[in-house]
Every structure is written in structure tokens, then in C-alpha cells.
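Chains as they are written, first to last, in this note's numbering: chain P, 54 to 430; chain E, 54 to 430. The beta carbon of each residue, even a glycine, is placed where N, CA and C say it ideally should be. Just below is one structure, and these are the notes that go with it.
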């Protein structure tokens, strides 16, 4: 219902309705108690699930609350229930195309369960000491840690404070904590087999930051599969997980003595920079150089980019995070703040930036092209 | 400092240190009061800026708080100060590349002032009735409305509730409210002059959703400048502000009887879809068709895309939003929840998707190319 500019209609004579100056103060449980002629604790009980209150009292309180447009404040409520219905999301790389749809899905799925997301942009530094302090002051019910890095003591501090945590896309050093990651080892290995089958000979890896598990594990799977097949281990070029450092690193790789003909990138965000460097160097993608990403972000499908990549489905990742976190939060902070380590399966999506092997390519129901090692291989 | 897994060190005999089960309950002001041997209100005064408390009492309270690792809870604090230090951001299009850097900057700038962002993903529908209810229940101090659409009564309801609001990128029907928008009229007009000077003859506009001021105003500026120069008014193709509808709309435009040779798009997000449609139709950009966007999102600079666009600087936008909102919040909800309507100036950035006029092109200090109407024109 649209309200008139000068305050709620229909209660012009009430405490909250005397023009805008008054209306600017939200009505409190005191106001409701006074109008209903009951105690403040009776008002509080009316708005607390499962609390006992006489039917007549409830009726008077609800009528007064409606007149005053009173909404029980979650801050007040959280002092009673010790639940704020707020979940913190600590995240570094909102500039990575992978994260906006993840954040959107997290927000929607948590929203359905009554939770809202409080956003903490971190810089991924190892010293995020102020983070826990702030989380506790805001009284959040849980933490999703999609931060690139965090203080080594943070997880133990969260345990000590009884704050449930789910790590996302970076299992970090917290092997004992709940986490949701992509199928990094498997994905890296499949990319290696795909590039080998495509006849490539000089392999390279465009890495993120050493110590971040997503980048480390993808390299591990890639390297192990290359070496197992008798190929040389890949050259590794480090980046700071951003576009500019990836561009510089790829330029250096392509100008080097041992120019690679196959480049697997720790994620699509880095791969797009690699495409730019390849283009600048005048290389034909899929002929002179094959580039494969990891994530399958929305724009990798654009025909201007058409990136071959290992898909890490953002919805499935977000849904698993919400499921794990809710399970921990609903356990009420009792017991160890631990949980399952979940790996979300992915799939290789063939587009135009990598040469396709003669055998093993298949078409999915959605029209996308995939690849699997031929049975005889 | 890293804490041992089984609870904070150094207070093994205290209330909060008896193993994990106990540590899971955060210490309260009651616990601190008990340990310090003072009243709970003395504890509260110690953690309230400007409140009076005896030096000896303060010392005992702070020592007890340190022993127990007590952090004053913002929920409790907000009942006293009526400030939660939380600002809500209602936003629809996190999939639009323009917004992630804006959200990042908002978070950083608000963070410096001690505020955190609570995220509300909206669907841009006109009925967002639950929004205000939730905002009030969470006790947020302010609202940034970057939602595509919202209930017509929402702004009046916020006024009535004394909740400061700043509209971002959509001045909507709230002409009396604080807003920060790009220089839409000016930008649209400059794009028209640029395309006219480039010798284009058949103009089109790829619109967002009618009623959203950013799209409407950019069209208004574009159309007025075309008509003023004696050109025909542009064909207008509507979208739902998403990639797929923009792709379909551009395909239809390009297949139509009156194929445009100049297409101005309500934002870059739509322009990328237009580039795909042009590519599919086999058109050479800058020759057969010129495409101009609005925003200058990060990826518009990628050589694979190289989009000519009118820049709407996200940092300046975000900073203006924070400045306006803080001014309103610090006025304490007194007086009307209104404020300045601010327009952030932009600039035309020439890249490869639009034909350049013979005269008027200039190079900026950062190496980017711009255009201004030649003095004689």
C-alpha cells in the first residue's frame, strides 16, 4: 500500500503519526505496550515463537502493533534467540566473473530460509584479524569464506567462538572444516588428457596464487596426468589472480624460448587475459596455441570469446554451501564447527580456443560439446 | 594470534574456557558484569561512546572483558544507540558487469566509515512489499536502492519510517529523493552527435525496460540531438535488460526492412549481445554497423570486444552514493528523508565498434581516444 508522504494514514492521533518528525522514530515495544496496556515482556512474548501468552493479551498487542506499524526488531529479537538471521560472506574477487552468479544464488537460497547476506570484501591478505571481531560484534549466525586468503588462526578462532564456517572454492589449510570446492584434481587431469589427445607437446599452466587450493589442485591434477602419460611437466607461470598479471605472465610465456602450444589456466578470468596475449602475438587459437580455462563463466560462451573450459557449476556450488552452512547453524553451534568436504563434479565444455582430438568428442543434450578419453586409449 | 582448537588459551578456569561446548556460547555483558563485580549497566556504559563511568569501574570491566574475550554485541548496542551500522543494498542486476565493481567500492567506502552492506537481491518487480518489512526488522541505518524497479509506495514508506534512502542509477519516480545517476541526457546527446559526425543515417536504440530512468533518459538525449540535427528519430527495440532479450531484439532489428547503420545501446551489457548479433549477421563493425554502449565496464576494453562506449565511472558513482547516504544517516533520520539529485559526468571512449568521424577525435593522457564536436560544427 502506498503511504502518503507525511506519515502513515489512519493513525493521525497516535504516537507515531504526528507528522514526519515523529514518524521518523520507529515505534518500539514500549510504545506498543503502552497503547495495549500490557507489560513490555508481554509484547516481547507475543513476537517470540513458542512463547506463552494469554489470547486476550495477544489480541490487544497485535492490534496496537498494527495501529503503530510496529515491527519486532531483529536486533532485540536476537538478544533473546541469539540468532540474527544474518550470514556473512567474506569474498575477495567480485571482479572474477565466476562470483556474481554465485553471490546471487547464495542470496536467493539463504533468503528462502530467512537469512540475509552481510558482505565483507576482503583483500585476500593473510591478516584478516579485524574480520572475526566484526563478525562477532554483528552477531552473525554463520560465515561463508570465499576469501582468497585469511589469517591462519581465523578458523580456530571461529571454532572457539562457536561460529559455523563453510569454506568455498578454497579449502585452504582448514582440512577439518566444511568446504565446497570444484572437482579440481579430476578437472585438471581431464584437461591434460584432452590436450594430449589433441596432439599438443609443450604444456604450460597459468597459475593463481600459490597456496590457494583451487589453483594448486588444478595444477596437481594436470601435472600428474601429463607425467603419467610420459609428457614433460608443464611450465608454470604465476599470477596474482587478476587480469593484468595474467596478461603479463602470458606475454612472457609466449615470448620465451620454449613457447607452449597448450595453456591451461587456473580459471576463466585468467584465460581471458591469455586470449588477449595470444591475439597480440598473432597466434591462431586452436592451431598455434590452445587455451583452456576453468569455471565456464557466463561470458565464456560469447562467440567473441568462445572459451574451451572445465565447467564448475555456480548454482550447484552455491546450493551445496547453503546446505552445509544451514546444517551447521541448525546444530546450534553445539559440537565442533566442522562438516563435510564436498566436491562438486564438473564437465569439460569444448568451444573454439583449443584444438579438438580426432576421437572422443560427443554432443550433449543441450547442444554443448564434451570430450571423454576413448575407451581404447 | 592463532588459538588452539579447544578454546581460548589463558583462561582455562574462566566461564568461557571450559572446552568447546562452553566456548561455543559467546560471553555476554552479564558474564562480564559478574566477573568484574559491577552492574550490567556499568558494562554497557563502558562500551558506549561518550557515556560516563568511573575510571576504576572501567578498568575492572575492561580486564574482565579481555579475560572473557567479550565483544560488545552490535545487536545489543543498536538497542541503545538505535544504530546497527548496517546499510542495505537492494540490487537486481549483479549479472550486469557494471555492478560488481560498484558493489566492491560501496563496500570499501562504507567499511571505512564503519558500515557493512547487507545484500538484497531483488527481481526488479514493482511489488517489493516484503523489502521494507525486512529492512525494518533488521534495523538497517540506510538503504541504497539500485533495484531495477520497486513498489511505488516504497519511498514514501521509507520516509514514514525515517529510513534514509539513496537511489542509484534509477531516479525512478522519486524525484524528491536523493539519487546518483550517470549523465544520461548529456551522454545520449553526445553519442548522437558522434554518430551523425561519423556519417551514419539510420539510427536505432536498444532500450532497457521502459520506466527505468537510466534507459529512458539516454534515449531522450539521443533522440533529441538526432531530431535537432534534422535526422530521423531512432527506431527503438525493447529488451528486458538481459543478454538474451538483447540478442533477440538486435537480430530482429538487423533482419528488418530498415536495417540501422548505427545502434546505441542503453548499456554495455546489452551492447555485447548486439555485437554477437552483428557478428552472426556477418556485418563488419564500424563499416556496416556501428555499435555504442554506455557504462565502460571493465571488459569493454578487452581487444576481443573493444566496445566504443560512454563511460559512467563506477568509483565516482559509488563514492557519491556513500557521501549522500552518510549525510542523510548522520542527520539522524530527522527531517525529510530527502537529498540531492547528483549526476556524475561521463566521457565518450572510442574503440573499434563504431566508425570514427574525420574530425573531433582527441587522445587523453591515459591513451584513450575521445571525441568532441568540432568547434565549427
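Should residue i be flagged as near chain P, meaning a C-beta pair shorter than 8 Å?
i	result
residue 170 of chain E	yes
residue 422 of chain E	no
residue 77 of chain E	Summary for residue 77 of chain E: the model assigns pLDDT 44, below 50, so the residue's position carries little reliability; its value from the coordinates is reported in the next sentence. Residue 77 of chain E counts as touching chain P.
Would you please verify whether the beta carbon of residue i is less than 8 Å from any beta carbon of chain E?
i	result
residue 160 of chain P	yes
residue 322 of chain P	no
residue 120 of chain P	no
List, in chain order, every chain P residue whose beta-carbon is nearer than 9 Å to that of residue i.
i	result
residue 38 of chain E	Residue numbering for chain E in the displayed model covers 54 to 430; residue 38 of chain E lies beyond these limits and cannot be assessed.
Quick one: give me the first and last residue of the alpha helix (DSSP H) that residue i is part of.
i	result
residue 241 of chain P	237-250
residue 97 of chain E	93-99
residue 157 of chain E	152-165
residue 343 of chain P	Premise fails: residue 343 of chain P lies in the beta strand (DSSP E), 343-348, not in any alpha helix (DSSP H).
residue 306 of chain P	296-308
residue 382 of chain P	367-383
residue 325 of chain P	321-333
residue 87 of chain P	82-89
residue 271 of chain P	266-281
residue 207 of chain E	207-214
Residues of chain E with a CB under 8 Å from the CB of residue i: which are they?
i	result
residue 153 of chain P	147, 148, 152, 153
In chain E, what lies closer than 7 Å to residue i by C-beta?
i	result
residue 328 of chain P	357
Using a Cβ cut-off of 7 Å, pull out every chain P residue sitting near residue i, in sequence order please.
i	result
residue 156 of chain E	147
residue 174 of chain E	157, 160, 161
Along chain P, in chain order, which residues have C-beta atoms closer than 8 Å to that of residue i?
i	result
residue 332 of chain E	356, 357
In terms of residue numbering, what span does the beta strand (DSSP E) encompassing residue i cover?
i	result
residue 288 of chain P	288-290
residue 123 of chain P	Unbroken run through residue 123 of chain P: none, as it is neither H nor E.
residue 361 of chain P	361-364
residue 436 of chain E	The structure shown has nothing for residue 436 of chain E, since chain E only spans 54 to 430.
residue 221 of chain P	218-221
residue 195 of chain E	195-199
residue 402 of chain E	400-402
residue 490 of chain P	Residue 490 of chain P lies beyond the stretch modelled for chain P, which goes from 54 to 430, so this question has no answer here.
residue 397 of chain P	394-397
residue 437 of chain P	Missing from the structure shown is residue 437 of chain P; chain P here goes from 54 to 430 and no further.
residue 415 of chain P	414-416
Practice item. Would you check if there are 3 or more beta carbon pairs closer than 8 Å linking the stretch 258-271 of chain P to the stretch 417-424 of chain P? Key: no
Check your understanding: Can we say the stretch 264-279 of chain E touches the stretch 334-341 of chain E, given the rule of at least three CB pairs closer than 8 Å?
Key -> No, they do not touch.
Review point. Should the stretch 239-255 of chain P be called in touch with the stretch 210-223 of chain P, which here means at least 3 C-beta pairs below 8 Å?
Key: no
Point to revise | Residues, ordered as in the chain, of the stretch 181-197 of chain P that lie near chain E by beta-carbon distance below 8 Å | key: 186, 187, 189, 190, 191, 192
Check your understanding: Are three or more beta carbon pairs between the stretch 162-174 of chain P and the stretch 136-143 of chain P nearer than 8 Å?
Key -> Under the 8 Å Cβ criterion, the stretch 162-174 of chain P counts as touching the stretch 136-143 of chain P, having at least three qualifying pairs.
Check your understanding: Do the stretch 79-97 of chain P and the stretch 115-124 of chain P meet, that is, are 3 or more Cβ pairs less than 8 Å apart?
Key -> yes
Check your understanding: Using 8 Å as the Cβ pair cut-off and three pairs as the minimum, do the stretch 283-303 of chain E and the stretch 312-322 of chain E touch?
Key -> yes
Check your understanding: Are the stretch 269-282 of chain P and the stretch 295-309 of chain P touching, with three or more C-beta to C-beta distances below 8 Å?
Key -> no
Check your understanding: At a cut of 8 Å, does the stretch 353-371 of chain P reach the stretch 399-418 of chain P through at least three beta carbon pairs?
Key -> yes
Exercise for review: Answer yes if the stretch 376-384 of chain P comes into contact with the stretch 299-311 of chain P, meaning at least three C-beta pairs across the two stretches below 8 Å, and no otherwise.
Suggested key: When Cβ pairs closer than 8 Å are counted between the two stretches, the stretch 299-311 of chain P is seen not to touch the stretch 376-384 of chain P, the count staying below three.
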